[in-house]
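15 is the number of the first residue of the sequence shown in this note's numbering; add one for each residue after it.
Don't be surprised by glycine CBs; every beta carbon is placed ideally from N, CA and C.
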Amino acid sequence: MNFASLPMYDLPELAMATSAWWTGLAGHMQRQGVADVPDVCATPEDLERHWCSPSLLFSQTCGYPLTHQLNGKVRLLGLPIYACKGCDPDGFYSSMIVVPVSSNLFSLADCRSGRAVYNTDDSMSGLLALRAAAANQHAHADPFFSSLSRSGGHRRSLQ
């Protein structure tokens, strides 16, 4: 039996939108004759194992894992463009660096010598974009942030 997932933005507050999106995708697949399309998406615990399963019908991944550890193991079908406040409407890459609304930090430069939390080492939106942004702000040999901590997920990075 095939399974599908939409794990990149699988947040409780987006559950209805994610479910509706999957229902639409599944319906299109069924009308095109794709067999064994699941009615609901799976919630994988181990993403790499999930993505590499022969039973995977459809999923989504961040771009860095796609071009590195999943290279040659999965096939790119499309690149969704999300409508999101602060994101480029033409589909160019966006990543947001956030701080608590109560903080006195208003720019990335204000974060120098502070603590940063990112989701995973292989995440373009989590660590790689953060490192690139910090490098653009900081031309010194010493680290921009005093510490970097891995949270394991976007939501956990916000806690």
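For L84, collect the residues of the same chain with a Cβ closer than 7 Å to its Cβ; drop the 5 residues on either side in sequence, then sort them by chain order.
The residues are W65 and T75.
Rounding to the nearest angstrom, what Cα-Cα distance links T57 and H154 in this structure?
Cα-Cα distance, rounded: 42 Å.
What residue range is occupied by the uninterrupted alpha helix (DSSP H) comprising A31?
A29 to R45
Are three or more beta carbon pairs between the region 118–136 and the region 155–162 nearer than 8 Å?
yes
Going by DSSP, what residue range makes up the alpha helix (DSSP H) through L80?
G77 to T81
Could you pull the start and end residues of the alpha helix (DSSP H) that S160 belongs to?
That residue, S160, is in no alpha helix (DSSP H); it is neither H nor E in DSSP.
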